[in-house]
Each structure stands twice: as structure tokens, then as C-alpha cells.
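Asks: Read in order, the letters of the sequence shown correspond to residues -5 to -1, 1 to 320 in mature numbering (1 follows the signal peptide of the UniProt record, and there is no 0). Glycine included, each C-beta is placed from N, C-alpha and C at the ideal position. For clarity, every value in this text was computed on a predicted model and none was experimentally measured. Quick one: this structure, given as C-alpha cells, is what I'll be asking you about.
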Amino acid sequence: SPAFAQSTPDSNKIVVAHRGASGYLPEHTLPAKAMAYAMKPDYIEQDVVMTKDNRLVVLHDHFLDRVTNVAQIFPSRAREDGRFYAIDFTLAEIKQLSVTEGFNIKDGKQVQGFPERYPIWKSDFKVPTFEEEIEMIQGLNKTLGYDIGIYPEIKAPWFHRHEGKDISTAVLKVLKEYGYTDKASKVYLQTFDFDELKRIHDELMPAMDMDVKLVQLLAYTDWNETMVYNGKGQAQPYNYDWMFVKGGMEEVAKYADGIGPWKPMVVSDQSTKGNIKLTGLVKAAHQHGMQVHPYTFRADTGRIPAYANNFNDMLDIFYNTANVD
Ligand code: G3P
Ligand code: CA
């Protein structure tokens, strides 16, 4: 989330505030979303997972331990793999937790992403519900006269299904309740799971008299291990290859309005992972009438130069000078 994006009058491009203003405040907290709103993006993103009592909360992971103090507050509630799954906690319990800057375990130690700000365990941001966040965005839209949209991602549908929960139906119910019902609604609904997005399009939305815009997310294949549940709380490889064979794009175009590739899939990128650009991906998507919404733009990574400290500069560089086919 680079500094102070402007709104984008050019309708060919949209700006999505990824996890809110997550470069400045702990991701997916309401302060991060309010700050994102003030930057006037076109859409604000929500990653959505489910609680034990079937509430939807805005959280990137389907476990709580990367960004909250859950291990301190509920030390005995981890599963065998040591993780604290949101689905094992009620909303009331999750509301007792403090959200901090994300951290990872490196060499057995907690390493915080941004150690200089909001030191771990000292801040008291909360996990919002999906509804709380929509109400804030819609309230600001009414107050300020903007029409900033939402961009929810259904996280880990396979995991929720395994736990006996239909997260997609729950998300669609909330969207309908808040007036996001058709393609004119200011919403894109996204997920990495091909089968689930197709089910949303073919079965769930028609049954609920809904037809919102859908985006098929594409992951870098090295991340596949995070995609599919193996029944033990762990994950297994997920096969994206079919997408890139003849006819794959046509299949996606039957149910999706756009694809969401990782940025290096559409821009030659030698920075961290080598060149994984999928030649022809953008053109093929456009030929099939689909939009392309790459993620994620950051001022300090990839091929976006450091001088591009404004989002429009970054978009110009991306579209005009980067090797986008
Ligand atoms: O919108 C796509 C993007 O959000 C997917 O990445 O891991 O940040 O949810 P992630
Ligand atoms: Ca996301």
C-alpha cells in the first residue's frame, strides 16, 4: 500500500487497497481500512475467514497466531500443529485478542515485519467482522459522497468445508444483506479455489438471485502448499496447471469476470523468484473478455522503482514501461 494513492479517473485501471493501508497500520484492522479509505482507492480488500459460531471476520490467515496475541490469551487452544485456528474460537473470544504487526517464526524466534512500529503485544487493534468493515466503508461513502467498493477474498474454502462450514454461502448472504447483488454493485468477490469460484457462479449465486463480479486468483506455484487441506491442518499441493493449457482460459471465462495473477506473472521479474512471467496471460484474459487485476504492488519490492512513491506513478510504470503483453 504505497503512499497516498489518488482516485483513478481512467476507468481502465482500478486501485485496490490490499489489506487496507497495510504499509502503515496493522493489516485488516479498521484503522488500516479507514486510512486506506482516506487514500481514495477504488476498492478496499477484505480477506474473510469464519469463526466457531459462524461469524465472518476479516483476517488474512485462517489461523490467528501470525497477527494476534492468541497464544498468550488462550495458550491451551492450539491444534497439534501448534497453530490457533480462527474456526476454533467464537467471535467473542476473538474480540478479546489484540492485533499487532504480523510476524513469522525464523530460526525459532518471533520476527516481526515492522519491529519499529506498534511493537508486538503493545498495541490493541482488534479483528473486525466483515459486517463492521462494510458498515464503516458504506458509512464513509454516505458521509463523503464517494463510492469506494469492497473486494472480499474467501480464504481457504477447502479448509472451511472440511470443518463443516460453507464460507462462500455465508459471504454471499452478507453481500446480499448490504446490497451487493449484481454486476453493477461495487464489489469483486475473489478466491484462489477454482472449483469454489465456479460453484459460486454456477450454483450459489443463481440460488440466491445474485450475480456479482468474480475474480479468479492465481498463485505462484511455489505457494501451492498453502492451498489445499490434507485433513491434518496442514496443506498439500494444488494443481493450477490446467489453467495454462489450451482451453483453460476459456473455462475460467465461463464463470469469472477477471483473473488476479501475482504481479511477477505478468511483468518480467528477476528480483526474488526469477522470471515467472506467463507470456500471453494478459492478452489471453482480455481476448476472453476478462479483466486482469494483478497483486501486489509495493514501493519497496519487485521492479517498481523506489521513486514511484505515488500509486499513479506505479501504475503508469506498470502499464507503460514494464514488459506487459
Ligand atoms: O487480491 C489478491 C491477493 O489478496 C492475494 O494475496 O495472500 O495477500 O491474500 P493475499
Ligand atoms: Ca487477499
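Of the choices 29, 56, 32, 36, whose alpha-carbon is the least far from that of residue 42?
Replies: Here the question's residue 42 lines up with position 47 in the sequence shown. Selected option, being the one with the closest Cα: 56.
Asks: For the pair the segment 64 to 72 and the segment 81 to 92, tell me if three or more CB-CB distances fall below 8 Å.
Replies: Yes, they touch.
Asks: Any chance the segment 161 to 180 sits against the segment 94 to 103, with 3 or more Cβ pairs inside 8 Å?
Replies: At 8 Å Cβ cutoff, the stretches do not touch.
Asks: To the nearest angstrom, how far is it from the Cα of residue 324 to the Cα of residue 145?
Replies: What the structure shows of the chain is the stretch from -5 to 320, and residue 324 is not part of that stretch, so it cannot be assessed.
Asks: Anyone know if the C-beta pair for residue 188 and residue 152 falls short of 7 Å?
Replies: Locating residue 188 in the sequence shown gives position 193, where the first residue counts as 1. Locating residue 152 in the sequence shown gives position 157, where the first residue counts as 1. Yes, the Cβ-Cβ distance between residue 188 and residue 152 is below 7 Å.
Asks: If we call anything under 7 Å between Cβ atoms a contact, is residue 44 one with residue 81?
Replies: For the purposes of this step, residue 44 is taken as the residue at position 49 of the sequence shown. For the purposes of this step, residue 81 is taken as the residue at position 86 of the sequence shown. Yes. Within cutoff.
Asks: Please determine if the segment 25 to 37 and the segment 162 to 171 are in contact, where contact requires at least 3 C-beta pairs separated by less than 8 Å.
Replies: No: the two stretches stay apart, fewer than three of their Cβ pairs being nearer than 8 Å.
Asks: Got a sec, what are the start and stop residues for the beta strand (DSSP E) residue 319 sits in?
Replies: Along the sequence shown, read from residue 1 onward, the residue named residue 319 stands at position 324. Run containing residue 319: none; DSSP gives neither H nor E here.
Asks: Compute the distance between the beta-carbons of residue 200 and residue 171, then report whether it is under 7 Å.
Replies: Here residue 200 refers to the residue found at position 205 when the sequence shown is read from its first residue. Here residue 171 refers to the residue found at position 176 when the sequence shown is read from its first residue. Their beta carbons are not under 7 Å apart, which means residue 200 does not touch residue 171 by this criterion.
Asks: Of all the options 257, 74, 124, which has the alpha carbon lying nearest to the alpha carbon of residue 289?
Replies: Taking the sequence shown and counting its residues from 1, the one referred to as residue 289 is at position 294. Cα-wise, what sits closest to residue 289 is 257.
Asks: Is residue 322 near ligand 1, going by C-beta to nearest heavy atom under 6 Å?
Replies: In the structure as shown, the chain begins at -5 and stops at 320. Residue 322 is therefore absent and cannot be evaluated.
Asks: Relative to the C-alpha of residue 97, which candidate in 130, 58, 128 has its C-alpha closest?
Replies: Along the sequence shown, read from residue 1 onward, the residue named residue 97 stands at position 102. It is 58 whose Cα lies nearest to the Cα of residue 97.
Asks: For residue 314, count neighbouring Cβ atoms within 10 angstroms of its own Cβ and tell me buried if that reaches 16, exposed if not.
Replies: For the purposes of this step, residue 314 is taken as residue 319 along the sequence shown, with counting starting at 1. Residue 314 comes out exposed.
Asks: Residue 273 to residue 14, Cα distance in whole Å?
Replies: Along the sequence shown, read from residue 1 onward, the residue named residue 273 stands at position 278. Along the sequence shown, read from residue 1 onward, the residue named residue 14 stands at position 19. So the two alpha carbons sit approximately 26 Å from each other.
Asks: Is it true that the CB of residue 203 sits closer than 7 Å to the CB of residue 253?
Replies: Position 258 of the sequence shown, counting from 1, holds the residue named residue 253. Position 208 of the sequence shown, counting from 1, holds the residue named residue 203. No, Cβ-Cβ distance for residue 253 and residue 203 is not below 7 Å.
Asks: Between which residues of its own chain and residue 291 is the CB-CB distance below 7 Å, once the five residues before and five after are set aside?
Replies: Counting from one through the sequence shown, the residue named residue 291 turns up at place 296. The answer, listed in chain order, is 13, 258.
Asks: Bridge partners of residue 46, per DSSP?
Replies: Mapped onto the sequence shown, residue 46 falls at position 51. Its beta-bridge partners do not exist; DSSP assigns none.
Asks: Within the segment 56 to 103, note down every full beta strand (DSSP E) run reaching 3 residues or more, in order along the chain.
Replies: Counting whole runs of 3 or more residues, the segment 56 to 103 contains the beta strand (DSSP E) stretches 98 to 101.
Asks: Quick check: is any heavy atom of ligand 2 less than 6 Å from the C-beta of residue 148?
Replies: Counting from 1 along the sequence shown, the entry for residue 148 is found at position 153. Under cutoff, so the answer is yes.
Asks: Shortest alpha-carbon distance to residue 282 belongs to which of 312, 244, 262, 319?
Replies: Along the sequence shown, one-based indexing puts residue 282 at 287. Ranking the options by Cα distance to residue 282, first place goes to 244.
Asks: Among 72, 159, 249, which residue has its Cα nearest to the Cα of residue 195?
Replies: Position 200 of the sequence shown, counted from the first residue, corresponds to residue 195. Minimum Cα distance to residue 195 is reached at 249.
Asks: Judging by CA-CA distance, which residue of 293, 310, 319 is the nearest neighbour of residue 275?
Replies: In the sequence shown, the residue the question calls residue 275 occupies position 280. Comparing Cα positions, the closest option is 319.
Asks: Can you tell me the Cα-Cα spacing of residue 131 and residue 198, whole angstroms?
Replies: Position 136 of the sequence shown, counting from 1, holds the residue named residue 131. Position 203 of the sequence shown, counting from 1, holds the residue named residue 198. The straight-line gap from Cα to Cα measures roughly 30 Å.
Asks: Given this structure, state the Cα-to-Cα distance separating residue 156 from residue 162, to the nearest angstrom.
Replies: As a working mapping, residue 156 is identified with position 161 in the sequence shown. As a working mapping, residue 162 is identified with position 167 in the sequence shown. Their backbone Cα atoms lie some 8 Å apart in a straight line.
Asks: Between which two residues does the alpha helix (DSSP H) carrying residue 32 extend?
Replies: The count along the sequence shown starts at 1 and reaches residue 32 at position 37. Residue 32 -> alpha helix (DSSP H) spans 25 to 33.
Asks: Give the single residue among 27, 182, 40, 49 whose Cα lies nearest to the Cα of residue 158.
Replies: As a position in the sequence shown, residue 158 is number 163, starting the count at 1. Nearest of 27, 182, 40, 49 to residue 158, Cα basis: 49.
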